[in-house]
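Contents: one structure, followed by commentary.
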Amino acid sequence: MTSVGDAVGERNLRRPGLLAWLRLMRVFQKVDRGSGERLRAWDLSVAQFDVLAHVGASEGIVQQELADSLLVTKSNVCQHLDRMEGRGLILRRKEGRNNRVFLTQRGRRLFDEVVPAHEAFIVERFCGLSPAEQERLHELLRKLDRGLDRGAS
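Residue numbers (our numbering): 24 to 176.
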């Protein structure tokens, strides 16, 4: 016999939005797991790669802006920066009340090696979709992302 809670749960699982969310999470976890495994060859976590990629693309980024763009807290980004600074990959310069973040020469060499390799790995994960399907997926996710931003305010 099916309980009322089970029936409600079954109905909810059939909703396209919930099915899409579950599939999106499954795909994300697979890509994230593969990313983590590959990035270990450079002694980087996925989070440290994100920091490296953002700083490399925006030299001199303010530490708070970096935290905002990574969608993490200031203390979380600070922990990553501490580790990466200890490895000689980044440096922070105090400018007024802000810290600006830069890559060191070692960090720039790592950026130049790992970012193109990792981007190629990610592109490869999408080979099951045609270029047109990839564009459509991007459009839909961008639309959803913007809608969520509007709904959060």
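Using N, Cα and C, we set each Cβ at its ideal position, and we do this for glycine too.
Treat the numbers as computed from the prediction; the structure is a model and nothing was measured.
Span of the alpha helix (DSSP H) around residue i
i: residue 134; result: 128-148
i: residue 82; result: Run containing residue 82: none; DSSP gives neither H nor E here.
Coil, strand or helix - residue i by DSSP
i: residue 95; result: coil
i: residue 47; result: helix
i: residue 110; result: coil
i: residue 38; result: coil
i: residue 54; result: helix
Extent of the continuous beta strand (DSSP E) to which residue i belongs
i: residue 116; result: 113-118
Outcome for residue i when other beta-carbon atoms lying within 10 angstroms are tallied against a minimum of 16
i: residue 50; result: exposed
i: residue 135; result: exposed
CB of residue i within 8 Å of CB of residue j, strictly
i: residue 86; j: residue 115; result: yes
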